[in-house]
Amino acid sequence: MSRSVRVAGTLVEGGENIGLHRFALFTVCCTAFLIFVGGLVTSTESGLSVPDWPTTYGWNMFAFPVSKWVGGIFYEHSHRLVASFVGFLTVILAFWTWISEKRNGVRWLAMGALGAVVSQGILGGLTVKLMLPTSVSMAHACLAQTFFCLVISLAQFTSPQWKQGLPIAHSPANNSSTVSLPVLCSLTTAAVYVQLLLGAWMRHSDAGLAIRDFPLSLGRLIPHFTSRNIAIHFSHRVGALLVAIMITWTFLRIRSAYRKHDLLRKPATVLVTLLCLQLTLGASTVWSGKAVLIATAHVATGALVLGTSVLLTLRAWGMVPARDDAKTSTREAAAWR
Amino acid sequence: MRKLSLLLCSLMLLALGACSSSDTNKIPDGPTGSDAGGGDAPPAATASISGKISFEGEVPKPEKLQTSADPNCMKALTTETTVSKDGGLGNVFIYVSGGFEGKTFAPPSTPVELNQVDCHYVPHAIVVSVGQTLNVRNSDMTLHNIHAQTANNAALNVGQPVPMVTPHVFEKKEILLPVKCDVHKWMGAFIAVVDNPFATISAEDGKYELKLPAGKFQITAIHEKYGMQTMMVEVKDGDKTPMNFTFKASDAKTGD
Numbered sequence: 010m011s012r013s014v015r016v017a018g019t020l021v022e023g024g025e026n027i028g029l030h031r032f033a034l035f036t037v038c039c040t041a042f043l044i045f046v047g048g049l050v051t052s053t054e055s056g057l058s059v060p061d062w063p064t065t066y067g068w069n070m071f072a073f074p075v076s077k078w079v080g081g082i083f084y085e086h087s088h089r090l091v092a093s094f095v096g097f098l099t100v101i102l103a104f105w106t107w108i109s110e111k112r113n114g115v116r117w118l119a120m121g122a123l124g125a126v127v128s129q130g131i132l133g134g135l136t137v138k139l140m141l142p143t144s145v146s147m148a149h150a151c152l153a154q155t156f157f158c159l160v161i162s163l164a165q166f167t168s169p170q171w172k173q174g175l176p177i178a179h180s181p182a183n184n185s186s187t188v189s190l191p192v193l194c195s196l197t198t199a200a201v202y203v204q205l206l207l208g209a210w211m212r213h214s215d216a217g218l219a220i221r222d223f224p225l226s227l228g229r230l231i232p233h234f235t236s237r238n239i240a241i242h243f244s245h246r247v248g249a250l251l252v253a254i255m256i257t258w259t260f261l262r263i264r265s266a267y268r269k270h271d272l273l274r275k276p277a278t279v280l281v282t283l284l285c286l287q288l289t290l291g292a293s294t295v296w297s298g299k300a301v302l303i304a305t306a307h308v309a310t311g312a313l314v315l316g317t318s319v320l321l322t323l324r325a326w327g328m329v330p331a332r333d334d335a336k337t338s339t340r341e342a343a344a345w346r
Numbered sequence: 165m166r167k168l169s170l171l172l173c174s175l176m177l178l179a180l181g182a183c184s185s186s187d188t189n190k191i192p193d194g195p196t197g198s199d200a201g202g203g204d205a206p207p208a209a210t211a212s213i214s215g216k217i218s219f220e221g222e223v224p225k226p227e228k229l230q231t232s233a234d235p236n237c238m239k240a241l242t243t244e245t246t247v248s249k250d251g252g253l254g255n256v257f258i259y260v261s262g263g264f265e266g267k268t269f270a271p272p273s274t275p276v277e278l279n280q281v282d283c284h285y286v287p288h289a290i291v292v293s294v295g296q297t298l299n300v301r302n303s304d305m306t307l308h309n310i311h312a313q314t315a316n317n318a319a320l321n322v323g324q325p326v327p328m329v330t331p332h333v334f335e336k337k338e339i340l341l342p343v344k345c346d347v348h349k350w351m352g353a354f355i356a357v358v359d360n361p362f363a364t365i366s367a368e369d370g371k372y373e374l375k376l377p378a379g380k381f382q383i384t385a386i387h388e389k390y391g392m393q394t395m396m397v398e399v400k401d402g403d404k405t406p407m408n409f410t411f412k413a414s415d416a417k418t419g420d
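Protein sequence lines, in the order shown, are assigned to chains A and B. The first sequence begins at 10 in my numbering and counts up by one. The second sequence begins at 165 in my numbering and counts up by one.
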């Protein structure tokens with residue numbers, strides 16, 4: 010089945026190309042795993058255990074003997090190999106999309122993902138060469154999340170469901186909200202992204218245990234800001250509160266106004282579940298004194314929260330008409346799409 | 165699709181080529197000279213101070229280290245932050261921190277060596293002069309990286325994939341300079357990069373002797389965990405002046 014859809018301002022005939030979609034999904038999964046492995050490198054403080062780049066102790070990184078993957082090298086070298094694999098997948102994804110896609114917006118999005126993964130590789134090398142300066146490490150962490158969002162978007166745009174046209178989702182006639190669902194979802198995604206920036210700042214400034222108690226902060230609701238690291242750490246806690254409010258608001262809105270739409274309700278439910286898990290992991294990271302697996306799971310779950318929020322945002326923009334009121338006919342809404 | 169496959173294969177080959185090293189396993193040579201830097205010959209040491217670095221309080225018990233991350237490091241190791249015997253404290257740096265202002269000394273021509281044996285630094289504390297060659301040796305059949313966490317000197321992080329020696333010269337005074345191996349988290353050593361050759365390290369029982377020229381000096385004793393103390397001393401030719409320091413367990417720095 011194929012029909013006309015408008016994506017990124019271009020009206021084209023959409024083919025289903027399920028292979029490309031599945032490949033994009035596979036790239037999404039590998040990227041999530043890569044973020045977990047990257048988190049392990051930071052949690053185990055192994056970032057400098059391989060001092061050279063792109064070689065590994067002088068070897069071609071793909072020929073580095075397995076017997077030498079010891080101690081911190083295991084984490085850093087594994088990260089490099091998984092990253093190379095994701096880079097390779099992205100090259101295929103980008104060129105496959107460029108050749109087989111007719112929608113210009115999607116084609117250029119794929120090229121954007123390719124550019125991002127190349128930049129990410131270079132940033133990874135710089136973190137080693139410059140010996141983990143906070144700014145470069147932060148940029149590396151944030152670009153990872155951005156790349157994750159890009160491949161999730163590609164997976165969504167190449168899905169048959171998107172190409173065939175998402176169902177229109179009207180809010181009830183008595184809806185009195187001043188903020189539309191697409192805008193609300195976008196704000197939530199922005200809040201999650203900023204929170205991930207703060208998390209990266211905290212992690213790479215070694216401020217993860219600047220405040221060692223939770224839910225209080227150094228025995229108070231608001232701690233004395235006697236050091237920069239306490240301020241960085243506390244900002245991440247405040248960010249968590251704001252993100253929790255935004256996600257809960259989004260979830261309640263969908264639950265009350267769009268509950269019949271599985272494409273919105275399911276990711277919203279996943280999002281709020283991930284939020285609960287993420288808050289538990291955040292608290293556990295402090296209580297456990299940054300136990301490696303807990304801290305790493307906190308990083309990976311943060312990425313999943315962002316990814317789910319991006320997916321929900323895309324669907325909200327795709328399903329909810331810009332001027333959503335009960336009088337808007339399905340035909341008008343279809344025309345908007 | 166065939167063109168696409170060809171293009172991808174070409175890209176892979178290019179990537180492999182870019183990642184390969186033309187001279188595998190070879191670590192770039194470090195500085196070879198041990199006579200870097202100028203300066204005067206140091207004055208003859210005709211006097212000395214000596215004594216004991218005492219330790220008050222409960223000595224932390226060495227903890228067994230978890231070394232299973234590398235099968236080559238299975239020899240039982242314990243923490244050595246506090247080395248104490250007979251009420252003394254080892255690994256304390258004692259050096260002249262004042263009295264040579266405006267003077268620059270030629271570095272000793274003999275290199276000093278920091279060895280890595282059984283995934284463990286030997287010695288744990290070492291003194292090196294500015295401009296003097298420090299040879300870092302890997303005596304293990306495993307990989308180490310030498311990561312000096314410099315503040316004043318240029319960054320240093322070099323890999324040692326095989327048993328080998330890596331020479332290095334520090335250009336600036338730096339006390340204390342932690343050295344670690346990121347491959348084996350438990351490995352840690354401390355270097356005092358001094359700008360005069362009058363420095364020593366206390367033995368396990370806290371005893372030390374520091375040879376000095378005649379003159380008035382500020383002497384500093386510093387330990388990686390228990391902080392720093394200073395005293396003034398004036399010595400004449402042939403003097404053997406006693407000087408004792410006391411460090412307390414309660415002064416221990418707490419980690420993050």
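Cβ coordinates follow ideal geometry from the N, Cα and C atoms, glycine included. In this text, all values refer to a predicted model and were calculated from it rather than measured experimentally.
- For Pro331/B, the secondary structure class from DSSP, reduced to helix, strand or coil, is strand.
- Collapsing the DSSP output to three states places Val91/A in a helix.
- Under DSSP, Asn408/B takes part in no beta bridge, so it has no partner.
- The region 241 to 289 of chain A contains no complete alpha helix (DSSP H) run of 4 or more residues.
- The continuous alpha helix (DSSP H) containing Pro191/A extends over residues 190 to 213.
- Leaving aside the five residues that flank Met351/B on each side, the residues in its chain whose CB is nearer than 7 Å to its CB run, in chain order, Cys283, His284, Tyr285, Lys344, Cys345.
- Among the CB atoms of chain A, one or more fall inside 9 Å of the CB of Pro325/B.
- As computed with DSSP, Phe354/B is found in a beta bridge with Ala289/B, Pro342/B.
- Counting along the chain, Thr36/A sits inside the alpha helix (DSSP H) bounded by residues 27 to 52.
- Within its own chain, the residues whose Cβ lies closer than 6 Å to the Cβ of Trp105/A, once the five positions on either side in sequence are excluded, are Leu29, listed in chain order.
- Between Gly298/A and Arg221/A, the C-beta spacing is below 9 Å.
- Within the region 60 to 91 of chain A, those residues whose Cβ lies closer than 7 Å to any Cβ of chain B are, in chain order, Pro60, Asp61, Pro63, Thr64, Tyr66, Gly67, Trp68, Asn69, Met70, Phe71, Lys77, Val79, Gly80, Gly81, Ile82.
- Taking a cut-off of 8 Å on C-beta distances, the region 250 to 261 of chain B does not touch the region 317 to 332 of chain B, as fewer than three cross pairs fall below it.
- Checking the DSSP bridge columns, you'll see Phe381/B partnered with Val397/B.
- In summary, His179/A is buried, with 16 or more beta-carbon neighbours lying within 10 Å of its beta-carbon over all protein chains present.
- Residue contact with chain A for Thr394/B: absent (no Cβ-Cβ distance below 9 Å to any residue of chain A).
- At a cut-off of 9 Å between beta-carbon atoms, Met140/A makes contact with chain B.
- According to the DSSP assignment, Gly323/B belongs to the beta strand (DSSP E) that extends over 320 to 324.
- The Cβ-Cβ distance between Phe157/A and Gly316/A falls below 9 Å.
- Using a 10 angstroms sphere on the CB of Gly295/B, the tally of other CB atoms reaches 16 or more, which defines it as buried.
- Taking C-beta atoms under 8 Å as the contact rule, Ile213/B and Thr405/B qualify, at a distance of about 5 Å.
- Pairwise C-beta distances place the region 264 to 277 of chain B in contact with the region 202 to 221 of chain B, as three or more of them are shorter than 8 Å.
- Going by C-alpha positions, Lys417/B is about 29 Å away from Thr136/A.
- Comparing alpha carbon positions, the residue from Leu272/A, Gly311/A, Leu139/A closest to Gly56/A is Leu139/A.
- In this structure the region 320 to 332 of chain A lies against the region 162 to 177 of chain A, because at least three pairs of beta carbons, one per stretch, are closer than 8 Å.
- Its chain contains Leu49, Val50, Thr53, Ser55 as the residues whose beta carbon lies nearer than 7 Å to that of Tyr84/A, once the 5 sequence neighbours on both sides are disregarded; these appear in chain order.
- A straight-line Cα-Cα distance of about 12 Å links Ala363/B and Ala289/B.
- Beta-bridge partners of His311/B (DSSP): Asn321/B, Lys344/B.
- Taking the C-beta atoms as reference points, Ala122/A is found no nearer than 9 Å to Gly47/A.
- Here the region 113 to 133 of chain A does not lie against the region 280 to 290 of chain A, with fewer than 3 beta-carbon pairs under 8 Å apart.
- Taking a cut-off of 8 Å on C-beta distances, the region 258 to 273 of chain A does not touch the region 289 to 306 of chain A, as fewer than three cross pairs fall below it.
- Selection Lys371/B, Thr410/B, Asp415/B, Asp359/B evaluated against Glu265/B yields Asp359/B as nearest (Cα-Cα).
- In the three-state reduction of the DSSP assignment, Ile101/A falls in the helix class.
- By the criterion of a C-beta distance shorter than 7 Å, Ser146/A is surrounded in its chain by Thr136, His213, once the five residues flanking it on both sides are discounted.
- For Asp415/B, the three-state secondary structure derived from DSSP is helix.
- Cα atoms of Ile231/A and Gly311/A: separation of roughly 24 Å, rounded to the nearest angstrom.
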